[in-house]
Structure formats: C-alpha cells, structure tokens
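Respectively, the protein sequence lines represent chains A, B and C. Under the working numbering, the residue at position 191 of the first sequence is numbered 191, and the numbers go up by one with no gaps. So the number in the working numbering is just where the residue sits in the second sequence, counting from 1, plus 1000. So the number in the working numbering is just where the residue sits in the third sequence, counting from 1, plus 2000.
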Amino acid sequence: MTADTKISLSIENVEKYYGGYRALSDIDISVVEGEFLVLVGPSGCGKSTLMRCIAGLEKIDAGTLRIGGRDVTSAIPSERGVAMVFQSYALYPHMTVADNIGFPLRIAKRPKAEIKARVAEVGRLLKIEGLLSRRPRELSGGQRQRVAIGRALVHQPQIYLFDEPLSNLDAALRVEMRVELARLHNATGTTMVYVTHDQVEAMTMANRIVVMNGGVIEQIGAPLELFNNPANRFVAGFIGQPTTNFVNGRVVSADAGAITVELPGGKPFPVAVTERLKGPTPTLEVGIRPQFFSLAQDGAADLTITVDVVEQLGDETLIYGELDGDQSITVQVAGQHHVARGARLDLAVDHDKVMLFDDRGLNLCRRPS
Amino acid sequence: MIRGRMIAGFLTPAILVYGFFFLLPTLFTFYYSLFDWSGFGEEKTFVGLQNYVRLWNDYVFWLSLWNTVMILLVGGVFIMGLAFLYTILINSGIWGKKFFRFIFFLPNIVSVVALSAMWAYIYNPRIGLLNTAFASVGLEGLSKTLWTSPDNIFWAMLAALIWVFTGFFLILIMAGVDKIPADMYEAADLAGASLWQKFRLITVPMTWDVLTISFVIWVINAIKMFEFPFAFGLLQVPQQLYTLGIYLYVMGFGKREPIYQLGYATAIGVVMLVLAFVMIVVIRRLMRTDSLEF
Amino acid sequence: MARQGSKIMAAATTALVSLGAATAAIAETELVYWSFWNEGEPQANVIQSWMDDYSALNPDVSFKVFWNGRQNQTTVRNALAGGTQIDIMDADMDALSGGLAAEGLSVGWQSVLEGPSFDGGHSFAEDFHPGLLAQAEVDGWTGQIPYAFYTVQIFYNKAHFAEAGMETPPETWEGFVDVLRNVRDNGYNPLAVESDITFYNVHWFNYLIARIAGPDFLMRAAEDKTGETWRDPAVRQALDLERALWDEGLIPDESRGYQWPAAQTTLAYEESSAALVGSWLPIELADLVDDDFEWGAMKFPMVEGGRGNIDDVTAIGVSFVVLDGTEHRDAAQDFVRFTISEEQQKKMAEESRIGVANPRVSWVPELAASEQAIADANLILAENLGIKVAYPDYSSNIFEATHNRFFLGDMTADEFIEEMVTRTRQYWENK
C-alpha cells in the first residue's frame, strides 16, 4: 500500500450483536479505491451481515465505518454512496426493466430526460437495451441479474456491494457473469465489495479476499497469498480445491528453523517453519494440498495410502484413499493414471509446500512470498 | 367427447346446488319485487315496476341510500387508510406485532351487540369515556359534545364502524404486505426513498391484488351493511342510521312496527344487488392489472 | 266448588297417566304455540305454568312451545309461508292488528266472547277491562285476545315530586309544568328522555294532540291526502308546549345525546325525576333503584281549552292469536279462555308484575296508579292514536322519525309542519 492510494472504505473495530449473539467482532478492513474485495466464508460466518452493515441496512453496535474518508457510521443507506446488488435481485415486478434501472434516479427526482439517457447508457453497457420495456418475469435469470446490476450502476456510487449475486444462476451462466463482472470492474474502476461462499468466485475475481468464520476475520490477503500462505488451518481448508488434506503427524524433532514429522506408514521428513513450537508437542496437524503429492519412485515414499476411489478428469487424476489409521487423503496428479481400488499407492510430498498447524490451528510455516 | 361429458358430470351437482340455492332465489327476489305482497300467505298483487317507482319517490329510501354510500366511501377511505397505516406502523419493527394485530382484529370476534353497548358507554354524554377523558384533560368545550345527538349519531356510528372493520382489512392487507420481500424495501432504502415513496411505488402496486379483493369485500359489506348500525341503535334504530339493509328489514320484517311490505323490501334488495354488482365491475375494471410474480 | 272438583279429578288423571295405565285411552291434541317471550322471562314462566295447568285439567291436550321472542310475528309469518302448522301465537296487540289479524289469518272470537267465561257467572267478554277489547278490534272484528298490557303515563319519583310541593297530581298542563319547574329548582332534571327511541318521545305529541284536539285528530291528519290538516293550530300548540319543556330546561339539553337506556338510568339514580313511558319501567329499573324508592304515575294532564279527556290512556297490549289454519280451534280457544281466568291472570300479574286483562285481578303495588288509570279510563288509546296499525310505514318512517327530529331540536315547529304536509302528500301520491 503506497502513500498515494486512497482508502475508499474503512471498517474499524466493528462489532454487531443480535441480542446476546455476537455476529461480528473486531472487524478491521481498509479497502483501497478501485479494489475488488471479496468477503468469503461458510454460511453464517457474518459476511452478509458485514455487507449489510456497510450498506447501512443494519446498525453496528461498535466501531466506525468510513466511506471516502467520511464517517458514515450512523448515516442512512442512501447517504453512504453505496449501491447494492441483492442475491434475489430485488427487482420490482410491477415495473419495466427501464423503470427498475431508473428507480434510484426517480427517487432522487432527476429530470425524466436524464433518467432516460442514463438508463439507455446502462442498458447498452450491460447489453440489455432490447429488454428495457419488458417486465422482470419476462426475463431469464441472467437477464434479471444484469438489470439488478444496471440499477446499481445507475447510482454511480463510490462503492458497489454485491451480495452473492451469482448464486441463483446455473454453472455456465455463473462463469459467464463472473467474467462480465470482472470486465465491468475494469471498465468502471470503482471499488467493489463482493460477498460469496464460493471460493472459486473469490479466487478468480478478487484483488483481495477476506476470509471470515464465526463473525471474525480469519485472514485478509491476495488470492494466491491465501492459497500459498494461509494464516491458519481454517483458511488452508477453505481456500483451494480440492480441499487441503489434514493428517496427524508425529513430531520426530523440532529445531528453530525446521520440524521433522512422520506421517502414518511413511518416513520422517523435515519441514521449514517460521514459528517456534511452544513446549513439547508429540503430534502436529500436517496440511498437504492435493496438488503437492506426486507418485513416489521406488523407495522414496513419504507415505502410503490404500486407494478407495479414482476420478479421471482427462488432464488430471483425482485419487481418494486412506492412510493407515483411517485418515482420508485426496491426491491430485497431472495426467492419466490407472490405479486399482484397494491397491497400495506410494506417494511423495513436496516438502516445501507442506504446512504444519499447532493446537490452536496456527500455520507454523508462513513463507514470505 | 368423453372428457367433456365427464367434466359436465362432475360439475352438475355443484351447478345444481349453486343454481338452486343462489341463482334461483336471486331470480325469485326480482320476481317478488314486482308484487305488492305482505309476506303473509300467498296472496300477491302484481304491480309491475310500481315498487321501483315508489322507491324513487321515497325520502327514507334516499336517506338510506345516502347513508349506505357514506359508509361505503367515507368508511372505505378511513378503513383502508387506517389498515394501511397500522400495517406500516406494526411492520415498522415495533415490539409486539402479533399482540397489536390481535388487538385490532378483536372487534371482529366480539358480538356486535356487545360492541355497540361498549360504544354507547363511550359516547354517553355524562359518564361516557370520551367526554370524561376530554374533561379530564381540560377540554371542557369538547367534553360537552353530544356524540349521539341526531346531527352527530351517524358519524359517531361510522367512527365505531370504522374501528370494527379496520381490524379485518388490517389482517388482509398485512398478509399482502408481509409477502413483499424485505429486500424490495432495502433496495429502495439504498436509493433514498421516503416512507411515502416506498408506500406509493412498492407497497401499493405490490399489494394491488390484495387491495382489489379488499375493495370488493368492503363494497359488498358496505352495501349490505346491517348488523352494526342496527345494533348501534340498541332498542330502536334511529332513521339517521338507516342503511339500505336496515330499511329493507324495517319494510319487510317490521321490527316493532307492523310494516309488512315484503314486495317493496325485495325491490330494495334488488337495488342493493344491482348496486353491488355495478360497483364490483367498476372496481375490477379500474384496478385491472397483470398478476405479479416475485 | 266445581273448579275444586275438576282439579282433584285432573290430579287423579295425571297420576294415572304417569302410572302409564290410561295412556292409550286418551286422544292426543298437541297445540303448537309460538311465543313472543324468551325462555326464562317471567312472562314465559307464567305461560309455561298456564300450559302445565291446562294440560293437568285436560290430559288429552299437550303443548309444543317455541320461545321466539319479540320478532315472533315475523317468525310466524315466515313459518306459515313455509306451511308450518301453528295453533297459537302471541305478539304486540297493535302489531297483530296491522299484521296477522289484518291479513285475516287469525280466527274470530265473537261467539266465544259472547259465551261464558272460564270462571263462570259472566260472559267471556266481561273478563276484560272495558275498552281493551275495543282496541283489539279491527273493523269491528276481533281477531286477538289481549292477556296483558302496559299503560303509558308519566312515571315519577314520588319523593322528588313531594319535595317540589305536589300533593295530588296536577290535572292541567300548567300545573304539571309548575311542578316540573319546582323539581328543576330543587336541583333535579325533571324529565328523562332517550334521544333515539322515537316511539317513547312521540308519546308527548300524541298525548298533547289528543288532549288539545281529541283522540281522532292524528288519524285525520294522517288520512288527509293533501297533508293540510297538519297546519291546524292544534299541531302548532302541541309542538310549542313540547318545545317549551326543552327551552325551560325541564328536559336537560344533553338528553339529545342519550341513547337508551342512558336516560332511564338517571331516573333510577334519582338524578332525574320523571318520564313519559310504559308501565314496564318500574319493573325494568327494579334492580337499580334504592329500596326506599317510590314510584308514582300520573295521568297525562289536560290542556286548557282542549277537546280531549284526561282519562283517555294509551295502552300497549300483548295478545294471543289462534291461527286460522289450526286443526284444534276449540282446544286452542278454550286454552286462551282459560288464561284469562282469575287464577291464571293473578299469576301473570304477580309473577311478571305486568298489567293484566281481567279487571277482577289487582296489579302489584308499584303499578297501582296504572291500574287506577285503566279503571278510570274513558277511552283506551292505541299507539300513535291508531295510525300505527292503519298506516304503519307512515307512522314509523314519516311521523315518528320527523317528530323526533323536531323534539330533539333538529327542526323548528314550522319546519316540522311543512315537512309533515309535504311528506303526507307524497305518501298518498306514492301509495
């Protein structure tokens, strides 16, 4: 972050309670102007609540919200300079597409000619100029999505808020809209905050991702930063697909820069660490992404699994198996491999990519990128 | 062919029942309205449209019609307006939504006689709730108001009637408003819409179907309005409270008076039927719209 | 003695019936009675005992009762239209005169009235207060038998009127108004008036016009197809006397807002002192008044120079009708004759505290003045001086309603007269 970058949205120590339930705690995020920030996390993690707090649809119980440097903590939604695209689109069924898009301008009592021109412009941008006189029920899901985005665009806000906007679309349309949203972001250059539970959307669209869980932020960072250097076991498990394998490993020795671990049925190997272990620890949770396995050459196996299921994807093969002691392992290897069910398979591990988590789930191997 | 016959076969009982219990009596009503008939025995004198000519020249009929129309229009505006207002207030997130909804609906499950007795107490000039309340806050002038004097009694009754009916339409309209998704209003909040704009641009159009039904139900209720103003008169209904329904009853069934003019009364009934029919057609025409999907 | 004997016989027969020995021998007559009373009302209880006693005397006669209440005549009308068999019913006398009796749906009583009474020793017609049967007649034909009735008089709080210096009830309007002024000056509201009950308020006009212009004036005014009779100075005089009651504060202004029973409650609580009303009022208020409350009733006073008689009194009767379609005419008429007997009437007078038809039966003490008025009666006046029976729609929709507007100050005397002239003419044009 350089000195001349402007902070578009600043969320400082925000807390939110529903009765005695703490929905958000200690939320601290600074969003740079033009940034595409994705809030991601499982259902109920507080990401939608946080977005609604930013929009002003929910009051926060502590902390400060600033937009463009202005304190908007207690401002009403329309004074915050935000536009929001709802998961359900929230289009007005009794209005035409043009009226839906022009709704914010109508509320603001703009001249009719201006509304018409702005709606037409947005329609062109979103390639829905032919649908302007239709009603929402005459549109497909993707078209409704565009109208909802159009209504946000016409606001010309400082920040766009997207609340799971693609979740109601089918897979193919979702990919298409994903690309379009990215294009839109490039074209407008406006700050966008985007909520999703889909880590693929997060990875592909975000400049930075905020991973949330149980009302707290687990980690904020660029997509690859989160992939390569997750702060903790939760982020490691949430980001990346297929999901990271977590296996209990025996600590053979622990030095200042490295810990040697041994996986069930494998040979001990050292892993470089950036954090020291506190106190004697007999076992550690070992995180290995499925991509960082390879089929072992004779005698070089770090561990051995019993193959359960094999999925052939053409360019790669997914192998699901079990370690001794019933711990399951997913392996992703390039190319096509034919392995029989029940066969014993020797695997090598890229030791530099192995992650170790202490009993609090903290990643001991955060490597500078 | 077989399909057609099957449909006809299944529909026949319903059509017969409907025809026998609804259509036929309606036609008979019109038929009887052409007679001078006391209702005692079978002896009737055919008088053609004479009963309708009499109605045209009948001061009390026009008075009853005027009162009915006042109930329909003034009552309707207040009932629908208040039902909407209360809906918005109750839905604004105040505590005890179900409690208030129950309170407002309560008059609908209490007998009208009990209600009118309660209102008689409220309006009592000396010991009544209203005047006592006004006196206690120092509004001496207002506390001397004779709410049920001949010049006020219709409006006093109408106020009570509005109170009775608002709860029913509150339930209907609230059900309509409740099915509007919350994000419709949130999107409007983000655009900076005022309460009035949200009401006009979202609530009203999105409850249009419920409103149409409510208006139709109200029109039917108002045109055949009987029980409440009748009970409001307790021992005797003063003419100031006559509705078409009450006048029909007075002429056809002679409460304490030996007025037994069933032919004439059915002519009033026919007028009510035509009035209701015309009003409903007009409402449906005026309020016709595409069905909404959300 | 004969009655005593038949009673013993009856008791013995009942015993036999209840033993089940004689059932087969008795030809059953079931009289169907639709009642003006509601089950549980004192009058209903008395009528039930009449039926029980009659069945005891006549074991072959039993009763089937429907307690329909005050809408009885309408209920009966609808049932008759549906072909229901009904033998006996009862209702307001005037309502019957304009309803079932007028329609010729009741049996005539002339021969039975000429025959012996149930008690014997005199004719059945002599079982009635003079004038009562005349009121039951329509065009010289008797289609109903009154068994109980109320008088309409000025009922007052004796203590208040004594305090006001009244020793004997005034016989003139001036004397009456003088007493009321004294009552007013003693801090009471002299007259209680319900704003909404037109058929109470109209008694003021009815009595005044009858006292001023005679009891037949109102009928003449109603039957004058030009309406001009309403311009008679007598009307103006009656209206002015009514108006003066308000203007002098003898009726409190707030009465314009009283809805029944607001005003009569003020009587019970001794805030007001008198009302022109039927003799049901002392009974209706019995539970509300103090134990030492004493009712008086006075005849409606004379107006100076008037053509009426102070002993003319308005009565509201309740009558039995035996329906024309009955298959048990003799049994039904015999039962009705039985109900007018001294013993049975005594029960009605005492248990339901109402005036009764038989002059040999005395009424309860609080109705003593009422009974005296009937005994003194020169003429028994029908409600609204007969126009209620003859022209019920005119009487109710035009006369009573318009009068009430005048009475409560909604229109002046002149406006009332103009309205009545116009509406009377329209009524006849439209008939």
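Note that CB positions come from ideal geometry on N, CA and C, so glycine has one too. The model shown is predicted, which means the values in this text are computed figures rather than measured ones.
Test: residue i CB closer than 8 Å to a CB of chain A
| i | result |
| --- | --- |
| Gln-1261(B) | no |
| Pro-1181(B) | yes |
| Ile-1202(B) | yes |
| Ala-1187(B) | yes |
| Gln-1197(B) | yes |
Whole-angstrom distance between residue j and residue i, CA atom to CA atom
| i | j | result |
| --- | --- | --- |
| Tyr-2427(C) | Val-2076(C) | 29 Å |
| Val-2193(C) | Ile-1202(B) | 54 Å |
| Tyr-2188(C) | Glu-2167(C) | 18 Å |
| Ala-2286(C) | Tyr-2200(C) | 20 Å |
| Asp-2291(C) | Glu-2163(C) | 19 Å |
| Leu-2323(C) | Ala-2368(C) | 34 Å |
| Ser-2370(C) | Asp-2376(C) | 10 Å |
| Leu-1034(B) | Ser-1092(B) | 55 Å |
| Tyr-1078(B) | Arg-52(A) | According to the sequence shown, residue 1078(B) is Phe rather than Tyr. Cα to Cα, Phe-1078(B) sits roughly 37 Å from Arg-52(A). |
Chain-ordered chain A contacts of residue i [CB-CB under 8 Å]
| i | result |
| --- | --- |
| Met-1206(B) | Tyr-92, Pro-93 and His-94 |
| Gln-1050(B) | None at all; the shortest Cβ gap to chain A is about 51 Å. |
is_contact[residue i, chain B] using C-beta, thresh 8 Å
| i | result |
| --- | --- |
| Pro-2169(C) | no |
| Pro-104(A) | yes |
| Glu-2137(C) | no |
| Asn-2397(C) | yes |
| Ile-2283(C) | no |
| Pro-57(A) | According to the sequence provided, residue 57(A) is Leu. The question's Pro does not apply to it. Yes, Leu-57(A) counts as interfacial toward chain B. |
| Glu-2254(C) | yes |
| Met-84(A) | yes |
| Pro-2392(C) | yes |
| Ser-25(A) | no |
| Phe-2036(C) | no |
| Arg-2243(C) | no |
Own chain partners of residue i with C-beta closer than 8 Å, once the 5 adjacent residues on each side are dropped
| i | result |
| --- | --- |
| Arg-2220(C) | Thr-2229 |
| Ala-2134(C) | Ile-2380 |
| Leu-1195(B) | Ile-1088 |
| Glu-164(A) | Ser-48, Gln-87, Val-195, Thr-196 and His-197 |
DSSP three-state assignment for residue i, whether helix, strand or coil
| i | result |
| --- | --- |
| Pro-958(B) | Not covered by the structure: residue 958(B). The range shown for chain B is 1001 to 1294. |
| Ala-3(A) | For Ala-3(A), the predicted model reports a pLDDT of 47, less than 50, meaning its position is unreliable; a value from the coordinates is still stated below. It is coil, neither helix nor strand. |
| Trp-2141(C) | strand |
| Asn-2378(C) | coil |
| Phe-1277(B) | helix |
| Asn-207(A) | coil |
| Met-2420(C) | helix |
| Trp-1208(B) | helix |
| Ser-1214(B) | helix |
| Arg-144(A) | helix |
Within chain B, the residues that residue i reaches when beta carbons sit closer than 8 Å
| i | result |
| --- | --- |
| Lys-2388(C) | Glu-1257 and Pro-1258 |
| Ile-7(A) | Neighbours of Ile-7(A) on chain B: none; closest Cβ ~22 Å, over 8 Å. |
| Ser-328(A) | Under the 8 Å cutoff, chain B gives no residues; its nearest Cβ is about 41 Å from Ser-328(A). |
Sequence-distant residues of its chain with Cβ nearer than 6 Å to residue i (five each side left out)
| i | result |
| --- | --- |
| Phe-2300(C) | Tyr-2207 |
| Trp-1119(B) | Ala-1160 |
| Gly-321(A) | Ile-305, Thr-306, Val-307, Asp-308 and Ile-329 |
Own chain, CB closer than 7 Å to residue i, minus 5 neighbours either side, in chain order
| i | result |
| --- | --- |
| Arg-2360(C) | Glu-2342 |
| Trp-2280(C) | Tyr-2150 |
| Lys-1224(B) | Gly-1245 and Met-1272 |
| Glu-218(A) | Val-211, Met-212, Ala-231, Asn-232, Phe-234 and Val-235 |
Beta-carbon neighbours of residue i, restricted to chain A and to distances below 7 Å
| i | result |
| --- | --- |
| Gly-1192(B) | Ser-78, Ile-107 and Ala-108 |
Within-8 Å CB hit, residue i to chain C
| i | result |
| --- | --- |
| Thr-1148(B) | yes |
Beta-carbon neighbours of residue i, restricted to chain C and to distances below 7 Å
| i | result |
| --- | --- |
| Ser-1038(B) | Glu-2103 |
| Ala-1231(B) | Ordered by position in chain C, no residue passes the 7 Å Cβ test against Ala-1231(B), which lies about 12 Å from the chain. |
Partner residues on chain D for residue i, Cβ-Cβ distance less than 8 Å
| i | result |
| --- | --- |
| Ser-88(A) | Among the chains of the structure shown, chain D does not appear; the protein chains present are A, B and C. |
Contact set between residue i and chain C, taken where Cβ atoms lie within less than 9 Å
| i | result |
| --- | --- |
| Asn-1057(B) | Gln-2426, Glu-2429 and Asn-2430 |
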